[in-house]
Amino acid sequence: MNAAAQAPWLVVDTGLRPADENMALDKALLQAMGDQAIPNIFRFLRFEESALVGYHQSPDQELNLDFCREEGIAVQRRLTGGGALIFDPTQIGWELVCHRDALPKGDMAAVSRQICLAAAAGLSKLGVNARFRPRNDIEVEGKKISGTGGIMDGDVLLFQGTVLVDLDIPRMLRVLRVPVEKLDAHAIASVADRVTSLRALLGEAPELSMVQEVLLEGFRLHLGLSFETGEMPEPVMALLPGMLIEIRDPEWLGVNNRARDGMPLRKASLRAPGGTLQAEILWDSFGNRVRQVHFSGDYFIQPRRAIVDMEAALRNVHLNDVDSILTELFVQQRIDGFGLQAEHFASVLRMAAEQP
């Protein structure tokens, strides 16, 4: 880390906000950091009840939108990848927005590991045995208590995490797109075997201020960061109104929905080491060609524009050319799929093409 990286990070607690404001603040922070207008930021954030899909996901596929509308649960799309998250005011979000050289060297997988180790070290000070679990989770006794994810925008890193202070599993299952017939005691017990909360572990929920304090201590101890508390810098707040307009535009939320143009739409899903990958293709069976492809799912990938470039490169191509196109693109752009490789994208596309 360079000398600038040793300067204190600004800790900002933006409190309880609607989902669209939190997402707009993320966009504003990224731009202000890219403009060299603000110091490195460690932000604490909380959400009014919300369902957040990952950057590469579609709300229609992941969420029970009728239930969300009935219950007044806001639906938004994150800037980061990964799966759908259910937030309520009992949970804490934390994020780092910084220049890449403010953290240890390495690829995104290595950076994720160091950040998760720091957060786990902090949570352990509450009396739980928190540990990093690859790819990007923090667990206690084998159960997930925090999920994380990040993106790079130029040389700016946005890395986010959550802490499940409390958890309403039945409501979470209602929000996620789980068939009603599966919302029984067995389904709830199955989730409880994989996910936990600080309340479940400690017998009561700790004060949110205490959780924030131990998280910062973990980053001090593990990464040697220093902090000073303050307000959100003015350059960020000046950008916020414009970013809110972008986030509230229906196109932002519906970006992963694709219009149909009369050709057969075929779908497939693949579980791979780097996550769950889905492909929708407009298929020309006569010419054995992919007219258009859309990748989505629960995964992380860098650079941020990799998916857009893959989709563009695969328009109107013969199925036999898919592997070579994707392999070349992975090499040219140095794509890091956190375990996802070019062959996984090619495989799920072929699976979609083979659908009846």
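According to UniProt numbering, the stretch in the sequence shown is residues 1 to 356, in order. Ideal Cβ placement from N, Cα and C applies to all residues, glycine included. These numbers were taken from a predicted model, which means no experiment stands behind them.
request  = Below 6 angstroms CB to CB, which residues in the same chain sit around Leu314 once its five sequence neighbours on both sides are set aside?
outcome  = Val290, Val293
task = Starting from the Cα of Leu225, find the closest Cα among Gly203, Leu215, Ser50, Pro233 and give me that residue.
result = Leu215
Any alpha helix (DSSP H) of 4 or more consecutive residues that is wholly inside the stretch 186-227 = 198-202, 208-223
task = Just tell me which of Asp13, Glu217, Asp35 has its CA closest to the CA of Arg46.
result = Asp13
request  = Compare the beta carbon distance of Phe227 and Phe42 with 8 angstroms and say whether it is the shorter of the two.
outcome  = yes
ask   = Three-state secondary structure (DSSP) at Gln341?
value = coil
query = Is it buried or exposed for Gln6, if we count other Cβ within 10 angstroms and need 16 for buried?
reply = exposed
inquiry  = Given this structure, state the Cα-to-Cα distance separating Ile151 from Arg100, to the nearest angstrom.
reply    = Cα atoms of Ile151 and Arg100: separation of roughly 11 angstroms, rounded to the nearest angstrom.
ask   = Would a C-beta distance cut-off of 8 angstroms place Ser112 and Ser296 closer than the cut-off?
value = no
key: Unbroken stretches of the alpha helix (DSSP H), 4 residues or longer, contained in the stretch 52-106   = 59-62, 65-71
request  = Compute the Euclidean distance between the alpha carbons of Ala353 and Val322, then round it to the nearest angstrom.
outcome  = C-alpha separation (whole angstroms): 12 angstroms.
task = Using only alpha-carbon positions, find the residue among Met172, Ala238, Asp166 that is nearest to Leu208.
result = Nearest to Leu208 by C-alpha distance, out of Met172, Ala238, Asp166, is Asp166.
message = Does Gln27 pass the burial test, meaning 16 or more other C-beta atoms within 10 Å, or should it be called exposed?
response = As written in the sequence, residue 27 is Lys, which differs from the Gln given in the question. It is buried - the Cβ of Lys27 has at least 16 other Cβ atoms within 10 Å.
ask   = To the nearest angstrom, how far is it from the Cα of Val75 to the Cα of Glu328?
value = 37 angstroms
task = Using three-state DSSP, classify Met152 as helix, strand or coil.
result = Assignment of Met152 by DSSP, reduced to helix, strand and coil, places it in the strand class.
key: Straight-line Cα distance separating Cys116 from Asn136   = 7 angstroms
task = Could you pull out every residue in the same chain whose Cβ sits closer than 8 angstroms to the Cβ of Asp153, ignoring the five residues on either side in sequence?
result = Excluding its 5 nearest sequence neighbours in each direction, Asp153 has C-beta neighbours in its own chain below 8 angstroms: Leu30, Gly34, Arg304, listed in chain order.
Bridge partner(s) assigned by DSSP for Glu280 = Lys267, His294
ask   = Leaving out five residues before and five after Lys125 in sequence, what residues of the same chain have Cβ atoms less than 8 angstroms from its Cβ?
value = Val214, Glu217, Gly218
query = In three-state DSSP terms, what is residue 358?
reply = Outside the shown range of the chain (1 to 356) lies residue 358, about which nothing can therefore be said.
task = Would you kindly work out how many angstroms separate the C-alpha atoms of Arg334 and Phe300, rounded to a whole number?
result = 14 angstroms
request  = Use the C-beta contact count for Thr80: other C-beta atoms within 10 angstroms, 16 or more gives buried, fewer gives exposed.
outcome  = buried
inquiry  = Rounded to whole angstroms, what is the Cα-Cα separation between Leu202 and Ser347?
reply    = As the crow flies, the alpha-carbon of Leu202 is around 44 angstroms from that of Ser347.
task = Measure the alpha-carbon distance for Leu158 versus Leu25 and round it to whole angstroms.
result = 12 angstroms
message = If we require 3 or more residues per run, which beta strand (DSSP E) segments fall completely within the stretch 20-46?
response = Look at the stretch 20-46 and you find no whole run of beta strand (DSSP E) that is 3 residues long or longer.
request  = Would you kindly check if the distance between the Cβ of Lys267 and the Cβ of Thr196 is under 8 angstroms?
outcome  = no
query = If you count every other CB in all the chains shown that lies within 10 Å of the CB of Leu221, and 16 or more means buried, which is it?
reply = If you draw a 10 Å sphere on the C-beta of Leu221, you find fewer than 16 other C-beta atoms in it, and that means exposed.
inquiry  = Less than 8 angstroms between the C-beta atoms of Asn22 and Arg174, yes or no?
reply    = The Cβ atoms of Asn22 and Arg174 lie no closer than 8 angstroms to each other.
key: For Val163 and Ser146, believed in contact at Cβ under 8 angstroms, the rounded distance   = 5 angstroms
query = Under three-state DSSP, which class holds Arg17?
reply = strand
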